[in-house]
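Okay, so here's the structure we're looking at.
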Amino acid sequence: MKNPLTDSDFIEKVALASPLSIYVFDIKERSNIYSTKTFHDLLGQNAQDLGIIDEHTFSLLLHPDDFSRIDELFSRWDDVEDGTILKTEFRIKHALGHFIWVESSATVYQRDEQGDVHYIVGCIQDITERVEAKVREKMLQEELAQSKRMESLAMMAGGVAHDLNNILSPAMGYADLLLGKLEKDDPKYKQISGIFNSVEQAAALSQDLLMVSRSIKITTMEINIHELIDYYLCSSSFKSLAEDFPNISCKSKYHEKDIIILGSHHHLNQVIMNLVSNAFESISERGEIIIETSVVNKEDKEQLCLSVIDNGPGIKEPTLIFDPFYSTKKLGKRHGTGLGMTVVYNVINSLNGHIDVSSEAGIETRFDIYLAIDQIVEKDVSEPERMKHVLIVDDLLEQRLIAQRMVEMLGYTVDIVKDPYGAIDYVHKNDLDLIILDLVLDEDIDGLDTLREVLKLKPKLPCIIIISGYREEKRLEAINALENTLFLAKPFNLDNLRDALNKLFEQ
7 MKNPLTDSDF
17 IEKVALASPL
27 SIYVFDIKER
37 SNIYSTKTFH
47 DLLGQNAQDL
57 GIIDEHTFSL
67 LLHPDDFSRI
77 DELFSRWDDV
87 EDGTILKTEF
97 RIKHALGHFI
107 WVESSATVYQ
117 RDEQGDVHYI
127 VGCIQDITER
137 VEAKVREKML
147 QEELAQSKRM
157 ESLAMMAGGV
167 AHDLNNILSP
177 AMGYADLLLG
187 KLEKDDPKYK
197 QISGIFNSVE
207 QAAALSQDLL
217 MVSRSIKITT
227 MEINIHELID
237 YYLCSSSFKS
247 LAEDFPNISC
257 KSKYHEKDII
267 ILGSHHHLNQ
277 VIMNLVSNAF
287 ESISERGEII
297 IETSVVNKED
307 KEQLCLSVID
317 NGPGIKEPTL
327 IFDPFYSTKK
337 LGKRHGTGLG
347 MTVVYNVINS
357 LNGHIDVSSE
367 AGIETRFDIY
377 LAIDQIVEKD
387 VSEPERMKHV
397 LIVDDLLEQR
407 LIAQRMVEML
417 GYTVDIVKDP
427 YGAIDYVHKN
437 DLDLIILDLV
447 LDEDIDGLDT
457 LREVLKLKPK
467 LPCIIIISGY
477 REEKRLEAIN
487 ALENTLFLAK
497 PFNLDNLRDA
507 LNKLFEQ
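Take the sequence shown: its position 499, counted from the start at 1, is 505 in this note's numbering, and no numbers get skipped.
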């Protein structure tokens, strides 16, 4: 009977029966000279297709990030003693193109005449599931730590908000009473009004603290998400941001149908405002923000995905941004309380939604909010003129504001700029349906010259009104010669403006 320990056939059968992949590796040539079938199965290839695994082939199979790890392992064989087992973990490419994690355990098999290691023998096993389990465990631990931090801070925020409201209530009440007793032309009225406005701002901060502490119950109603976004983009807070960051454009890309969700108009408006405000401030210099809506299949049901995307510098620690009082903004710059993103997180969480953050340095940062859809409806096109976008250009603040108010009362979306160059830049960056220009502008080009520059950018701009406070015949003739253009003389009332808009939009 053969001795099993010296019978090569027996040893081969033991190797084949082992669930581990056994190999013999030439350290000097950096080439694999023997491996069992399980090694080829591990890589999803047969021996013929794989061929000899020399240094070049091995470099193609090895994950690029693991080269240094393997080089360090090879250097350790110079001083290793017989019987020592060296272990390492690395990634290797499967035939299907993905990488799997493996653990190699090897020992000296044979040395050369100088006593240096020539061959090693070892085994490899797939540890992908183990590595992925560790990653999942780490993520769960981070989420648990995040939850505990949020809970502690929420308790503190709730207590602060409670005490702050007790202080603010009488201050706001007395200021309101004093304002009621004073005439608006009284010098004290402006001073008391300033106090009242400051108390209102503090009260808004208190509401943010209550949202952080989850002490506010959100009452939901049906909301058209596109109308909500449009509402914010027409708000004074957004216009203030746009004026502070003139080199940053903000665009909306909507799903082809209107999406109705259940939520709170006030709180969801806060969410959009905080995300867009953060995007503006993170870009700072020049860039683009996109507010996008889509319908996705998540958790076996259709959900709204509301995305705010910017091409700013990115976020180093996307998990921490939802912590109360965490901020990446530097002192001395426009900054807030550090509560904005926590409010976003808590509002979405209160609506049983979910928010994902992804960031790639120097390329883009995106916030994806997922909320349940109540219904998806065809867009209402019965009154398209109510969604027309109008730009008002006037160098006088009072004129801009009264014109803005009148146009908004007629149901249009309005933006305002104060000079011709701002108007030209705005038209270049934004979609527009009509422009209202004052013929007399306190600049080196007037309204007509501005209009001509605008038409170079958008020659088919369908609706244009020129407003002027004076009558210079040649300029008026030039205006009247333009297509889709009406002259509206000052002073004009709401009916005059409505008639002019209707006439132009009906053409």
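C-beta atoms are modelled at their ideal positions from N, C-alpha and C, and glycine is treated no differently.
Between the alpha carbons of residue i and residue j, how many angstroms are there, rounded?
i, j, result
"S288", "Q207", "24 Å"
"K464", "K196", "45 Å"
"E109", "K140", "15 Å"
"L507", "L492", "9 Å"
"V25", "T44", "Looking at the sequence provided, one finds Pro at residue 25 rather than Val. So the alpha carbons of these two residues sit roughly 7 Å apart."
"E262", "H232", "11 Å"
"L170", "S204", "14 Å"
"E249", "C240", "13 Å"
"I430", "R458", "10 Å"
"I321", "R97", "28 Å"
"E294", "A285", "9 Å"
"F511", "I296", "28 Å"
"K247", "E157", "What sits at residue 247 in the sequence shown is Leu, not Lys. Between L247 and E157, the C-alpha separation is close to 32 Å."
"G1", "L407", "The question about residue 1 has no answer here: the residues shown for the chain are numbered 7 through 513."
"F80", "E35", "11 Å"
"L48", "E138", "17 Å"
"M162", "D452", "57 Å"
"Q51", "G368", "40 Å"
"S365", "E149", "18 Å"
"A151", "E143", "12 Å"
Here's the rule I'm using: 16 or more other beta-carbon atoms within 10 Å means buried, otherwise exposed. How should residue i be labelled?
i, result
"E389", "Reliability fails at E389, whose pLDDT of 45 lies under 50, so the model's placement of it is uncertain and the value that follows must be treated cautiously. Burial call: exposed."
"I485", "buried"
"H273", "buried"
"P193", "exposed"
"V433", "buried"
"K509", "exposed"
"D85", "exposed"
"K259", "exposed"
"V302", "exposed"
"I58", "exposed"
"N172", "exposed"
"Q410", "buried"
"D505", "exposed"
"D77", "exposed"
"P70", "exposed"
"Q276", "buried"
"R136", "exposed"
"V383", "exposed"
Do the CB positions of residue i and residue j come within less than 8 Å of each other?
i, j, result
"D421", "T371", "no"
"V399", "I441", "yes"
"D401", "L438", "no"
"W107", "T134", "yes"
"I126", "Y115", "yes"
"R117", "T94", "no"
Leaving out five residues before and five after residue i in sequence, what residues of the same chain have Cβ atoms less than 6 Å from its Cβ?
i, result
"S37", "D60"
"L503", "M412"
"L11", "Per-residue confidence for L11 stands at a pLDDT of 46, beneath the threshold of 50, marking its modelled position as unreliable; the derived number appears in the next sentence. Excluding sequence neighbours, L11 sits near nothing in its chain."
"I39", "V30, D32"
"L185", "I198"
"V350", "V277, N280"
Can you find the residues in the same chain that come closer than 7 Å, C-beta to C-beta, to residue i, ignoring five residues on each side of it along the sequence?
i, result
"T90", "T113"
"S243", "M279"
"E228", "I266, L268, D380"
Ordered along the chain, which non-local residues of its own chain (more than five positions away) have a Cβ less than 8 Å from that of residue i?
i, result
"I201", "A177, A181"
"K435", "S255"
"L522", "Nothing can be reported for residue 522: it is not among the residues displayed for the chain, which extend from 7 to 513."
"V282", "Y238, F244, L247, C256, I295, I297, V314"
"R340", "Below a pLDDT of 50, predicted positions are generally treated as unreliable, and R340, at 40, falls in that range; the measurement from the model is reported next regardless. Here the set comprises D250, E287."
"T226", "L268, G269, S270, L357"
Consider the Cβ of residue i: report whether some Cβ of chain D lies at a distance smaller than 8 Å.
i, result
"L274", "Considering every chain present, this structure includes no chain D. It has just one protein chain."
Is any non-hydrogen atom of the ligand NAP found closer than 7 Å to the C-beta of residue i, if you look at the structure I gave you?
i, result
"L281", "This structure lacks the ligand NAP, and indeed carries no ligand of any kind."
If you pair each beta-carbon of the segment 372–380 with each one of the segment 267–274, do three or more pairs fall below 8 Å?
yes
Using 8 Å as the Cβ pair cut-off and three pairs as the minimum, do the segment 244–255 and the segment 288–302 touch?
yes
Quick check: the segment 358–375 against the segment 307–314, are at least 3 beta-carbon pairs closer than 8 Å?
yes
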